[in-house]
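J.: Here it is, the structure, as structure tokens.
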Amino acid sequence: MNGPARIRALLMLCLGAHRALAQSDPEIDRIPVGSAVADETPTANRNLYWQTDFTYDMPRNDLIVPLSPPPLWEARGFLDMRLDRRLDEHLSAAYSGRFNLRAEDGLGFPNRENIRNDLREAYVAWTDNEGWFVQFGRINLKSGVAEGFNPTDYFKTRAVVEPTSIDPAVLREDRLGAVMLQSQWIGTAGSITIALAPKLTGDSPPYGNDALPSFNPMFDRTNARDRVLFKGSISAANGVSPEFLIYNEEGVTRFGFNLSKGFGRAIIAYLEWSGGRRAGLVDAAYEEGRSTGVLPAEPAIPLDGTRAFSNDLAAGLSYTTQAGINLAMEFDYHQAGFSNRDWRNWFGAGGRGELVAGELWFIRGFAGEEQEPTARAGLFLRAYWQNAFIKNLTLSSFALFDLRDGSSVAQASADYYLSPRWTVGAIVDAYGGARDSDFGSLPQRGSALLKITRYF
Amino acid sequence: MFKPTLMVPGLALAVATAAAADSAHDIVARADHVRNPERPFRVNATVIEYKSGQAVDKNTFAVYSKVDPSTGQFRDVMVYVSPPRDAGKMLLLNGGNLWFYDPASRQSVRISPQQKLTGEASAGDVLSENLGVDYTAKLMGTEIIDDAARQKRACWRLDLAAAGDAATYKRVEYWVEEASYNPIKAKFYADSGELLKVLYYRNFVKRGDRISPAQAVIIDAVDSALVTVVDIGELHFQDIPDNWFQRDYLPHLKLD
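In order, the protein sequence lines correspond to chains S and B.
Counted from 1, the first sequence has number 271 at position 271 by my numbering; the numbering is strictly sequential.
So the number in my numbering is just where the residue sits in the second sequence, counting from 1, plus 1000.
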């Protein structure tokens, strides 16, 4: 024993004369030796990754309302980029986009559909560094707290282009922003936001993934109408954090609020509502179809011809177990969705030939483009488990039920982080229900996707 | 507060006097001050996870921290720097309100303390715990314990009970060195009483005018093969406006 160590031992003996000597902790032996850490280059203001995926679709052949089946397979590779750079003390610039190479069953090669670019965001931002922010350009402005259906997410309409998954969480990521001027004040008591998104081009009819332009920024999807959003949030002392919204589109106003609150250590409750005068889904679809010249003046199924105050609601709870499994349950209500009469009319008109079928699918497609459910009442369930069973394996699943007919769409996905830069994953979707049900009437029974991602 | 040390034969007496003078709360508050100063600061932290002695995962965060003068609690924004798949994600910890921000969706989602406990930043939760405010402390006595380097340390042993929802753990056992008020070791327990984590602070270094730990070692008590080492970088004192701790601010936050 060397000198200092001997002195230290003597000191310990002095101290130990009147105090407990705790047992040596066996856990210390588990501490790894050395932990040299290389310096990291901060990359928090940029994300760049390449993803390759392959999808196999399983079509349904017994449709009441006939529709061409989806492509049997699709292959895609894309470079996804997000940059946010400070230009000086007050100015910054942001870009977000995805460059796609794609091929699919029935799509000729070469074809303009083989190469596509989605310009999600491109804007400049100014701040006084005290709490004021002004942004101009194409901006993804999102609102809402619910997991399955966001009634107050007013800028979601027609914004989703060729998503990699039908998961609502992914749909919120893969979408185009609207060209707007946005001003926001953020204080300690809350925030106020105003966004002005002007009409820049004429409206266009909904178009599917087989007719997407290659490099056109698709302002017809995001800036075909004058839109204004005003919203304010409050940082309530009890942790509720409500947000209130007023949205105006071409003179028609809707109101909304959303709030969430934690209960104890494991439960989060949330509520989201929006209301305003609007047409039902069938009327709104025909209004759109006629104005863009793709639907005839004489409808295939009866219209209401009225506008009434209509409510949208999402109310849910999430719970996290001690093992880290997050479970969520959400009730969704969309008053403008199909009524029982609308469903009867839709299936009843289905046998009247291809031309009528095209009109009927236009209505369903319109609801999809608007990112709103066809059903009036739904139940959304989700389970999410990070590091499931083994380190770096994430399992996720969700199911959406139409409460009218019990039909459902369900998804299970798995992602495994091979390394900090490589991830592999798989997604399986399944649509269930009777032929004359919401999800059972869709043209596919399910699909499977495999993907590999490289982060840079 | 701290009494000057007498000559060696009287050392035990001096420490005992200090223990009598300091309340349990004072001891925890002073140890909190060693871990996190009262001035707002930014620090880079690298979290390396070991499985059976092999490094299996590494995450880097930039952490902005500031005391809320109305509650005395630390408020933190943790910005994920690496790995690349997580870069730009943020965790806002403001009292009992926890928000997770993902730049891909540009949305902030409220999460529960349990999600914080089991999420990607779970290693950071024991470091961001504000023990002096979030827990009620009781002095249980003094002990000589081994620190992470198996050096003997004369410590106060304290028993901390959760004082409200802001506390992530139901109970914490805490050892604070009598001579320096350095936090040496902590044991974190679940609601069920099960031991979840054992934490050691080590590599105390002088940075500027203060001494603080440069490393924390978190030993998982449930999975015996799992150990997490957190390298705590140099603290950079800077002004952090209070509105940074609003969820709406997260999309605007940029690392310099």
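C-beta: ideal position from N, C-alpha, C; glycine also.
Because the structure is a prediction, the values reported are computed rather than measured.
(1) Take Ala-427(S) as the anchor and find which of Leu-400(S), Ala-412(S) and Tyr-416(S) has the nearest alpha-carbon.
(2) Name the two residues that bound the continuous alpha helix (DSSP H) containing Leu-281(S).
(3) Give the interface partners of Tyr-1263(B) over in chain S, defined as CB-CB distance under 9 Å, in chain order.
(4) Can a CB atom of chain D be found closer than 8 Å to the CB of Gly-1164(B)?
(5) Note down the Cα distance separating Leu-303(S) from Asp-332(S), rounded to an integer number of angstroms.
(6) Do we get a CB-CB distance below 8 Å when we pair Glu-162(S) with the residues of chain B?
(7) Candidates Glu-74(S), Arg-225(S), Ala-103(S) and Thr-193(S): which alpha carbon is nearest Ser-291(S)'s?
(8) Since I believe Asp-1102(B) is in contact with Lys-1089(B) (beta carbons under 8 Å), could you give me their beta-carbon distance rounded to a whole number of angstroms?
(9) Mind pulling the alpha helix (DSSP H) runs of 4 or more residues that sit fully within the region 145-173 of chain S?
(10) Which residues, taken in chain order from the region 386-412 of chain S, show a beta carbon closer than 9 Å to some beta carbon of chain B?
(11) In the DSSP assignment, what residue or residues form a beta bridge with Met-81(S)?
(12) Please say whether Arg-307(S) and Arg-352(S) have beta carbons closer to each other than 8 Å?
(13) When the Cα atoms are used, what is the spatial distance from Leu-63(S) to Val-161(S)?
(14) Which chain S residues are close to Tyr-1181(B), counting only those with a beta carbon under 7 Å from its beta carbon?
(15) Pairing CB atoms from the region 217-235 of chain S with CB atoms from the region 197-207 of chain S, are three or more of them under 8 Å?
(16) Decide if Arg-1247(B) is buried, meaning its Cβ has at least 16 other Cβ atoms within 10 Å, or exposed.
(17) Taking Val-179(S) as the query, report the chain B residues whose CB atoms sit under 9 Å from its CB, ordered along the chain.
(18) If we count the other Cβ atoms within 10 Å of its Cβ and call it buried at 16 or more, is Val-65(S) buried or exposed?
(19) Listing by chain order, which chain S residues have their CB less than 9 Å from the CB of Gly-1096(B)?
(20) Three-state secondary structure (DSSP) at Phe-362(S)?
(21) Consider the Cβ of Val-1227(B): report whether some Cβ of chain S lies at a distance smaller than 8 Å.
(22) Return yes when the Cβ of Ala-328(S) is within less than 8 Å of the Cβ of Arg-382(S), no when it is not.
(23) Given a limit of 8 Å on CB to CB distance, which residues of the region 277-304 of chain S reach chain B?
(24) Whose CA, out of Tyr-49(S), Thr-374(S), Ile-186(S) and Val-294(S), lies closest to the CA of Glu-359(S)?
(25) For chain B, is any of its Cβ atoms less than 8 Å away from the one on Arg-102(S)?
(26) Can a CB atom of chain B be found closer than 8 Å to the CB of Ser-441(S)?
(27) In its own chain, which residues sit with a C-beta less than 6 Å from the C-beta of Ser-396(S), not counting the 5 before and 5 after it?
(28) Give me the residue from Tyr-1064(B), Glu-1049(B) and Gly-1193(B) with the minimum Cα distance to Leu-1093(B).
(29) Of all the residues that make up the region 1231-1243 of chain B, which are near chain S by a beta-carbon distance shorter than 8 Å?
(30) Can you find a CB in chain B that lies within less than 8 Å of the CB of Arg-30(S)?
(31) Is Trp-422(S) buried or exposed, if buried means 16 or more other CB atoms sit within 10 Å of its CB?
(32) Looking at the unbroken beta strand (DSSP E) that takes in Ile-1027(B), where does it start and where does it end?
(33) Between Asp-1037(B) and Arg-1202(B), is the Cβ-Cβ spacing less than 8 Å?
(34) So, at 7 Å on beta carbons, what are the nonlocal neighbours of Lys-1051(B) in its own chain, with the 5 sequence-adjacent residues on each side left out?
(35) Please look up how many angstroms separate the CB atoms of Tyr-1174(B) and Arg-1030(B), rounded, as I've assumed it's under 8 Å.
(36) Output, in chain order, the set of chain B residues within a Cβ distance shorter than 9 Å of Gly-187(S).
T.: Considering the structure as presented:
(1) As written in the sequence, residue 427(S) is Ile, which differs from the Ala given in the question. With distances taken between Cα atoms, Ile-427(S) lies closest to Ala-412(S).
(2) 281-291
(3) Outside the displayed span of chain B (1001 to 1256) sits residue 1263(B), for which this structure offers no information.
(4) Looking at the structure shown, chain D is missing, and the protein chains on hand are S and B.
(5) 24 Å
(6) no
(7) Arg-225(S)
(8) 6 Å
(9) 168-171
(10) Gln-386, Asn-387, Lys-391 and Asn-392
(11) Leu-48(S) and Gly-97(S)
(12) no
(13) 25 Å
(14) Within chain S, no residue comes near Tyr-1181(B); the closest Cβ sits about 17 Å away, beyond 7 Å.
(15) yes
(16) buried
(17) None at all; the shortest Cβ gap to chain B is about 16 Å.
(18) buried
(19) Gly-239 and Gly-262
(20) helix
(21) yes
(22) yes
(23) none
(24) Val-294(S)
(25) no
(26) no
(27) Tyr-384 and Ser-413
(28) Tyr-1064(B)
(29) Asp-1231, Pro-1241, Asp-1242 and Asn-1243
(30) yes
(31) exposed
(32) Unbroken run through Ile-1027(B) is the alpha helix (DSSP H), 1024-1035; no beta strand (DSSP E).
(33) Reading the sequence as shown, one finds Pro at residue 1037(B) and not Asp. Cβ atoms of Pro-1037(B) and Arg-1202(B): not closer than 8 Å.
(34) Ala-1225 and Leu-1226
(35) Rounded, the Cβ-Cβ distance is 12 Å, inconsistent with contact.
(36) Asp-1242, Asn-1243 and Gln-1246
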